[in-house]
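Only one structure is covered here, and it is reproduced in the block below.
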Amino acid sequence: MNAYTAGVIFGILIGVIAVACSCIRRKRYEKNKVHYDERQLLVRGRGANYGFITVIILNMIYALCLYSVTVDIISPQLVIIAIMFLGIMVDVVYCVLNNAYIMVGQKIKTWIVLAIMVIMSNLFAAINNADEIDLASRYMNGFFINVSICVLFTGILIAMVIRLLLDKRGDANEES
Numbered sequence: 032m033n034a035y036t037a038g039v040i041f042g043i044l045i046g047v048i049a050v051a052c053s054c055i056r057r058k059r060y061e062k063n064k065v066h067y068d069e070r071q072l073l074v075r076g077r078g079a080n081y082g083f084i085t086v087i088i089l090n091m092i093y094a095l096c097l098y099s100v101t102v103d104i105i106s107p108q109l110v111i112i113a114i115m116f117l118g119i120m121v122d123v124v125y126c127v128l129n130n131a132y133i134m135v136g137q138k139i140k141t142w143i144v145l146a147i148m149v150i151m152s153n154l155f156a157a158i159n160n161a162d163e164i165d166l167a168s169r170y171m172n173g174f175f176i177n178v179s180i181c182v183l184f185t186g187i188l189i190a191m192v193i194r195l196l197l198d199k200r201g202d203a204n205e206e207s
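In short: position in the sequence shown from 1, add 31, done, that's the numbering used here.
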C-alpha cells in the first residue's frame with residue numbers, strides 16, 4: 032500500500048468517525064425538535080414546482096433555439112448541467128425568501144456559515160483545476176463543476192443574507 036492510498040483510507044476513516052460523532056451528539060443533545068410547519072411544506076412544494084418549470088423551459092429554449100448555435104462553442108452536457116443548477120437555485124432561493132428553507136427552531140447563521148464553507152472549498156478546488164478549462168470538450172471537468180457549485184451556493188448565500196436582514200428589520204419594526 033503506497034502513501035497515497037493510505038492517506039485516502041485515513042481521510043475516509045476520519046470522515047466516517049466525524050459523521051458518526053456528530054450523529055451521536057445530535058441524537059443525545061437534541062432538545063429542540065426542528066420541523067417544517069404546514070405553510071413551509073406548501074411553499075417548498077411551490078418552490079420545487081417553479082424550479083422544475085424553470086428547468087423545462089430553459090431546456091426547451093436551449094434545444095429549440097440555441098443548440099445549433101452553441102454546439103461548437105460549449106459542450107451540450109455543460110449547458111444541461113448549468114440549467115439543472117439554475118433550477119435548483121430557483122427552488123432554494125424561492126424557499127429561502129419565503130421563509131420555508133430553514134426548519135422551525137433552526138438558526139439561519141449556521142446555514143450561512145455552511146454555505147460560506149462550501150463556497151470557499153469549491154473555489155479553492157476550481158482554482159486548482161483552472162488548467163482544465165475547455166468548455167468545448169465533450170467531457171465534464173472539475174473546474175466547471177466547482178464553479179457551478181460556487182455560483183449556486185453564492186446565490187443561496189445572498190438569499191439567506193437577504194432573509195436574515197429582512198428578519199432583523201422585521202424584528203426592529205415590531206419592537207417600536
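From the three backbone atoms N, C-alpha and C, an ideal C-beta is built for every residue, glycine too. Every value quoted in this text rests on a predicted model; they were computed, and no experiment measured them.
Query                                                                                                                                                                : Result
Using the beta-carbon count (16 or more within 10 Å), is S207 buried or exposed?                                                                                     : Below a pLDDT of 50, predicted positions are generally treated as unreliable, and S207, at 47, falls in that range; the measurement from the model is reported next regardless. Exposed.
Within its chain, find whatever has a CB closer than 8 Å to the CB of S179; leave out the 5 residues flanking it on each side and keep chain order.                  : I112, A113, F116
Please return the same chain residues whose Cβ sits closer than 6 Å to the Cβ of A146, not counting the five positions on each side in sequence.                     : F184, I187, L188
So for V102, helix, strand or coil by DSSP?                                                                                                                          : coil
Just to confirm my understanding: we take V100, look at its own chain, exclude 5 residues before and 5 after, and list those with CB closer than 6 Å. What are they? : none
On the criterion of 16 or more Cβ atoms from any shown chain inside 10 Å, does L72 qualify as buried, or is it exposed?                                              : exposed
With a threshold of 8 Å on Cβ separation, who are the neighbours of V74 within its own chain once the five nearest residues in sequence on each side are excluded?   : Y125, C126, N129, N130, A131
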